[in-house]
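What follows is a short report on a single structure.
Protein chains: 2
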Amino acid sequence: MSHACDHHDHNHAPAPVNTAARLAEAQTLCAEAGERMTTSRLRTYELILEASAPVKAYDVIDRFHPDGAAKPPTVYRALSFLEHMGLIHRIESLNAFVACGASDHSTGSHHTAGFLLCDCCGQSVEIALPALGAVDSRAAEAGFKVKRITLEARGLCQACRQDD
Amino acid sequence: MSHACDHHDHNHAPAPVNTAARLAEAQTLCAEAGERMTTSRLRTYELILEASAPVKAYDVIDRFHPDGAAKPPTVYRALSFLEHMGLIHRIESLNAFVACGASDHSTGSHHTAGFLLCDCCGQSVEIALPALGAVDSRAAEAGFKVKRITLEARGLCQACRQDD
DNA sequence: ATCGATATGTAATATTGTAACGATCGTCAA
DNA sequence: TTGACGATCGTTACAATATTACATATCGAT
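Protein sequence lines correspond, in order, to chains A and B. Read in order, the letters of the first sequence correspond to residues 6 to 169 in this note's numbering. Read in order, the letters of the second sequence correspond to residues 6 to 169 in this note's numbering.
Structure, rendered in structure tokens:
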């Protein structure tokens, strides 16, 4: 996938996160939940953690093995597991996946995360959404029971605004 | 596409909207904007207006002609035009399209509509989002320029909650 | 050790969306 | 009127995304 503006380098990647630590945390989390953090799941999570922006499923598929791609169901199953565990989020407007912001696993708040998505460099920033009063009140009026909320703000990040 | 629960009839469709009137409004809107409301675009809009829930692109493609389907580019082009005109919204989490709530064309507020999407009967309700302070303030902190916001709340509508 | 539940491997296919390119239509100016 | 131009459309082909189905393997508890 390409981005809207491609006339610059866009070397705005943040410092690499500590992938190893996040992987270990995830193992612990799964153990505590009585779930199995298998090889495929760990590898999928690793590839998403390593990326500096949301990753497409087929990027994971292609990079899964050093030699040759994984089969789609392997990766889609892992993605769906990781999403259920609250370790990753699916970005609906990009058909892509991104690791959950650090340490919001225990809070249950991962149901209402929001994202700032840069149309230029492709990076995403997760933002906490403490409460969305407008949505809650309209849902209540309609008798609608909200299970989860997806909020995606598309636009330009600071670095890309300065580029343009 | 099927929904999560299928053990009931789910005859909760609202009264049919006045499709003809909405089509006429759309023609006027386009005329005023100096855009052409062509046959394909009108037909696509009509099919979306007639539906009681968000419609998939390939449903439009299949129903486009009385005999035989349209070609995908015809419909995707029309969908993209209608979206630019503010006549329809794309629902990212469903890969589907729904007509804009009546009479928010002139306001420019269609950039920040939100949706309540029932996982059971598939219906959608558009909700106005006057302001999303939490998003705006986090975006401002990050120096992020928001262009448009997608907000989709998945859950159960009142009728389906009572069914279950 | 073996049974049941969970997870994986594999092939095939379904669904969703675009690229490319020539033909046609509308508008406007000469 | 005519021609030129941009916008729109028709068509073919294909790319990208995701799932079904079913056989096999693995884990963990009895």
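We put the CB at the ideal spot given by N, CA and C, even for glycine.
Practice item. Could you tell me which residues DSSP puts in a beta bridge with A/Ser129? Key: As a first step, residue 129 of chain A is located in the first sequence; it is residue number 124 there, counting from the start. BP columns for A/Ser129 point to A/Leu122.
Check your understanding: Are the beta-carbon atoms of A/Leu156 and A/Leu137 separated by less than 9 Å?
Key -> Stepping through the first sequence from its first residue, residue 156 of chain A is reached at position 151. Stepping through the first sequence from its first residue, residue 137 of chain A is reached at position 132. Going by C-beta atoms, A/Leu156 is nearer than 9 Å to A/Leu137.
Check your understanding: Mind checking A/Arg41: buried by the 16 CB within 10 Å criterion, or exposed?
Key -> For the purposes of this step, residue 41 of chain A is taken as the residue at position 36 of the first sequence. Exposed, since its Cβ has fewer than 16 Cβ neighbours within 10 Å.
Check your understanding: What does B/Glu88 touch in chain A if you count any residue whose Cβ is under 9 Å from its own?
Key -> Position 83 of the second sequence holds residue 88 of chain B. Result: empty, since nearest Cβ-Cβ is about 13 Å, beyond 9 Å.
Exercise for review: Using a Cβ cut-off of 8 Å, pull out every chain B residue sitting near A/Ser98, in sequence order please.
Suggested key: In the first sequence, counting from the first residue as 1, residue 98 of chain A sits at position 93. The contacting residues are Glu97, Thr155.
Review point. Going by C-alpha distance, which of A/Pro71, A/Val151, A/Ala62 is nearest A/Glu97?
Key: Here residue 97 of chain A refers to the residue found at position 92 when the first sequence is read from its first residue. When only C-alpha atoms are compared, the closest one is A/Ala62.
Review point. DSSP beta-bridge partners for A/Phe102?
Key: For this step, residue 102 of chain A is matched to residue 97 along the first sequence. Answer is A/Val60, A/Arg95.
Check your understanding: Residues of chain A with CB under 8 Å from B/Leu161, in chain order?
Key -> Residue mapping note: residue 161 of chain B aligns to position 156 of the second sequence, counting from 1. Per Cβ cutoff of 8 Å: Phe149, Lys150, Lys152.
**Study point:** Residues that DSSP places opposite B/Arg159 in a beta bridge
**Key:** The residue labelled residue 159 of chain B in the question sits at position 154 within the second sequence. Looking at the DSSP assignment, B/Arg159 forms a beta bridge with A/Arg153, B/Leu122.
Exercise for review: Give the C-beta separation of B/Pro59 and B/Val130 to the nearest angstrom, bearing in mind that I take them to be a contact with Cβ-Cβ under 8 Å.
Suggested key: Looking up residue 59 of chain B in the second sequence gives position 54. Looking up residue 130 of chain B in the second sequence gives position 125. The Cβ separation is near 11 Å, so there is no contact.
Check your understanding: How many Å lie between B/Glu55 and B/Thr24 at the Cα?
Key -> Reading the second sequence from its first residue, position 50 is the one you call residue 55 of chain B. Reading the second sequence from its first residue, position 19 is the one you call residue 24 of chain B. Roughly 7 Å between the two C-alpha positions.
**Study point:** Any chain A beta carbon closer than 9 Å to B/Thr24
**Key:** The sequence position of residue 24 of chain B within the second sequence is 19, counting from 1. No, no contact with chain A.
Check your understanding: What is the rounded straight-line gap between the Cα of B/Ala145 and the Cα of A/Gln163?
Key -> Numbered from 1 along the second sequence, position 140 holds the residue referred to as residue 145 of chain B. Numbered from 1 along the first sequence, position 158 holds the residue referred to as residue 163 of chain A. Roughly 10 Å separates the two Cα atoms.
Review point. Chain B partners of A/Lys127, CB-CB under 8 Å?
Key: In the first sequence, counting from the first residue as 1, residue 127 of chain A sits at position 122. Here residue 127 of chain A turns out to be Gly, not Lys, going by the sequence shown. Correct list: empty, because the minimum Cβ distance to chain B is about 13 Å.
Check your understanding: Which of the residues in the stretch 45-76 of chain A, read from start to end, lie with their CB under 8 Å from any CB of chain B?
Key -> none
**Study point:** Nearest-angstrom Cβ-Cβ length linking B/Leu92 and B/Ala29, presumed shorter than 8 Å
**Key:** For the purposes of this step, residue 92 of chain B is identified with residue 87 of the second sequence, where counting begins at 1. For the purposes of this step, residue 29 of chain B is identified with residue 24 of the second sequence, where counting begins at 1. That pair is no contact at about 12 Å.
Point to revise | Sequence-distant residues of the same chain with beta carbon closer than 7 Å to A/Lys152, five excluded per side | key: Taking the first residue of the first sequence as position 1, residue 152 of chain A is located at position 147. Contacts found: none.
Check your understanding: What three-state label does DSSP hand A/Asp141 in the structure shown?
Key -> Translated into positions along the first sequence, residue 141 of chain A becomes position 136. Correct three-state label for A/Asp141: helix.
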